[in-house]
Amino acid sequence: MPHLPKPVLLAPMAGVTDKPFRHMVRLFGNQVLFTEMMGVESFHRNHPTTRKMMSIQDEKNIVVQLVGVNKEALIEAAQAAVDNGAIGVDINMGCPVKKLITNGSGAALMRNPLLAAELTEAISSRVSVPVSVKTRLGWDNEHISIVDFAKTLESAGASRLEIHARTKEEGYAGQADWGIVQRVKESVSIPVIVNGDIVDHLSAKKALSSSQAEGVMVGRGALGRPWMLTEIETGTTPLFSKVDLVLQHLDLLLSYYGRKGLFIARKHIAWYARGQKGVAEFCQSVYADTEMISVQRKIKSFFKENI
Ligand SMILES: Cc1cc2nc3c(=O)[nH]c(=O)nc-3n(C[C@H](O)[C@H](O)[C@H](O)COP(=O)(O)O)c2cc1C
Numbered sequence: 001m002p003h004l005p006k007p008v009l010l011a012p013m014a015g016v017t018d019k020p021f022r023h024m025v026r027l028f029g030n031q032v033l034f035t036e037m038m039g040v041e042s043f044h045r046n047h048p049t050t051r052k053m054m055s056i057q058d059e060k061n062i063v064v065q066l067v068g069v070n071k072e073a074l075i076e077a078a079q080a081a082v083d084n085g086a087i088g089v090d091i092n093m094g095c096p097v098k099k100l101i102t103n104g105s106g107a108a109l110m111r112n113p114l115l116a117a118e119l120t121e122a123i124s125s126r127v128s129v130p131v132s133v134k135t136r137l138g139w140d141n142e143h144i145s146i147v148d149f150a151k152t153l154e155s156a157g158a159s160r161l162e163i164h165a166r167t168k169e170e171g172y173a174g175q176a177d178w179g180i181v182q183r184v185k186e187s188v189s190i191p192v193i194v195n196g197d198i199v200d201h202l203s204a205k206k207a208l209s210s211s212q213a214e215g216v217m218v219g220r221g222a223l224g225r226p227w228m229l230t231e232i233e234t235g236t237t238p239l240f241s242k243v244d245l246v247l248q249h250l251d252l253l254l255s256y257y258g259r260k261g262l263f264i265a266r267k268h269i270a271w272y273a274r275g276q277k278g279v280a281e282f283c284q285s286v287y288a289d290t291e292m293i294s295v296q297r298k299i300k301s302f303f304k305e306n307i
């Protein structure tokens, strides 16, 4: 199977693409990995969770994603990301979560291109790494504004765009429309990355040929499959022992989060187990368990039977 001719990036996913998960993805390849989105106001207030998210000093090839509309706080967080070794800073202009929309950030910025441009310009003129923007096709089907929005962001200094090929109103429903991304490609000269519903080598190839994008970004396809970026890149599933992988991920979560890590691990364990025989009983039992040793035992016995 020929390698994909373009790069594969890990999408930012809140509650998922934390340091332990990025470590798991790194076991398989050296792709560009995005952090979870970090609220810049919360970073400014020294919130311990956001400060912890910013600790990327021991990692390579990391893009830090920021969310917010406070210019000074955005610059402060972007500068911290650069100081900690980020190779890029990304501004979230696509998240549909109500709390963000209400304060004018995330996808709400698509309805306020002047502010979107002002923020992009302010950050890109202040930091020494490329500043990218992750966004969507538009607010809803009546407002597919991405071509104009992309041009505005390019003029403001954005170095690259990652486009989730759905509108804000669509959320995650329906099929991502990779074809519209090609219209963006024809209108700007900065690199464009296509995102949405890319789950394997074949869908990545189709997304690239429909969009002519410079690369693909993978989100949900990597849940419980940290090897997926490499599989998409090479067209071949790398060799690994799933039981060892799940146990290692659990260990990393525990050392990174302490006891809370066991609860955070539950969703990851469920994603690893997806589609396997006896998954419902296994997950029910893991979700009810608060003892690390016994969760490890259950993982060993489930994944040994389900290679
Ligand atoms: C659990 C979860 C968390 C997400 N968090 C973020 C985020 O922090 N920032 C962001 O820009 N997009 C976020 N997204 C959107 C993804 O980055 C991506 O655009 C979307 O899932 C579509 O790609 P996919 O079909 O490959 O999953 C999130 C998606 C999921 C499923």
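Take the sequence shown: its letter number 228 is residue 228 in the numbering used here, and every next letter is one higher.
Where a beta carbon is used, it is the ideal one built from N, C-alpha and C, also for glycine.
Task: Status (buried if at least 16 other CB within 10 Å, exposed otherwise) for THR102 - done: Within the sequence shown, numbered from 1, the residue matching residue 102 stands at position 102. THR102 comes out exposed.
TODO: Give every residue of the same chain whose Cβ lies closer than 7 Å to the Cβ of ILE307, excluding the five residues on either side of it in the sequence, and list them in chain order.
DONE: Looking up residue 307 in the sequence shown gives position 307. Only weak support exists for where ILE307 lies, its pLDDT of 48 falling under 50; the value from the coordinates is given anyway. Correct list, in chain order: LYS242.
Task: Same chain only: Cβ atoms within 6 Å of THR230, ignoring 5 sequence neighbours per side - done: Start at 1 with the first residue of the sequence shown, and residue 230 comes out as number 230. Contacts found: PHE28, GLY29 and PRO238.
TODO: Give the single residue among ILE180, ILE62, ASN70 and MET93 whose Cα lies nearest to the Cα of ASP83.
DONE: Mapped onto the sequence shown, residue 83 falls at position 83. Closest by alpha carbon: ILE62.
Task: Exposure label - SER124; buried when at least 16 CB within 10 Å - done: Mapped onto the sequence shown, residue 124 falls at position 124. So SER124 counts as buried.
TODO: Would you kindly work out how many angstroms separate the C-alpha atoms of MET1 and VAL218, rounded to a whole number?
DONE: Here residue 1 refers to the residue found at position 1 when the sequence shown is read from its first residue. Here residue 218 refers to the residue found at position 218 when the sequence shown is read from its first residue. So the two alpha carbons sit approximately 20 Å from each other.
TODO: If I'm right that VAL8 touches GLY215 with Cβ under 8 Å, what's the distance once you round it to whole angstroms?
DONE: Counting from one through the sequence shown, the residue named residue 8 turns up at place 8. Counting from one through the sequence shown, the residue named residue 215 turns up at place 215. Confirmed, about 7 Å.
Task: ASN195 Cβ short of 7 Å to ligand 1 heavy atom set - done: Counting from one through the sequence shown, the residue named residue 195 turns up at place 195. Yes, the Cβ of ASN195 comes within 7 Å of a heavy atom of ligand 1.
- [ ] Go ahead and pull the three-state DSSP assignment for GLY39.
- [x] Taking the first residue of the sequence shown as position 1, residue 39 is located at position 39. Three-state DSSP puts GLY39 in a strand.
Open item on the list: I'd like to confirm something about ASN84: is its beta-carbon nearer than 7 Å to some heavy atom of ligand 1, or not?
Closed with: Within the sequence shown, the letter at position 84 stands for residue 84. No, since every heavy atom of ligand 1 falls outside the 7 Å radius drawn around the Cβ of ASN84.
TODO: Tell me whether MET292 counts as near ligand 1, meaning its Cβ is closer than 7 Å to at least one heavy atom of that ligand.
DONE: By 1-based counting over the sequence shown, the position of residue 292 is 292. For ligand 1, not one heavy atom lies less than 7 Å from the Cβ of MET292.
TODO: State buried or exposed for GLY88, treating a residue as buried only when at least 16 other CB atoms are found within 10 Å of its CB.
DONE: Indexing the sequence shown from 1 puts residue 88 at position 88. Per the 10 Å Cβ criterion, buried.
TODO: Consider the C-beta atom of MET37 and the heavy atoms of ligand 1; say whether any pair is separated by less than 7 Å.
DONE: Here residue 37 refers to the residue found at position 37 when the sequence shown is read from its first residue. Yes, since a heavy atom of ligand 1 falls inside the 7 Å radius drawn around the Cβ of MET37.
Task: Inter-stretch contact at 8 Å, needing at least 3 Cβ pairs: the region 49-59 / the region 279-294 - done: Contact between the region 49-59 and the region 279-294 is absent, because fewer than three Cβ pairs lie under 8 Å.
Open item on the list: Can you give me the C-alpha to C-alpha distance between PRO20 and ILE144, rounded to a whole angstrom?
Closed with: Translated into positions along the sequence shown, residue 20 becomes position 20. Translated into positions along the sequence shown, residue 144 becomes position 144. Looking at the two C-alpha atoms, the distance is approximately 36 Å.
Open item on the list: Measuring only the C-alpha atoms, how far is GLU142 from GLU170?
Closed with: Working through the sequence shown from its first residue, we reach residue 142 at position 142. Working through the sequence shown from its first residue, we reach residue 170 at position 170. For GLU142 and GLU170, the distance between alpha carbons rounds to 12 Å.
TODO: Please state whether DSSP places GLU59 in a helix, a strand or coil.
DONE: What you label residue 59 is simply residue 59 of the sequence shown in a count that begins at 1. It is coil, neither helix nor strand.
- [ ] Mind checking who ASP90 pairs with in its DSSP beta bridge?
- [x] Position 90 of the sequence shown, counted from the first residue, corresponds to residue 90. Paired residue(s): GLN65 and SER132.
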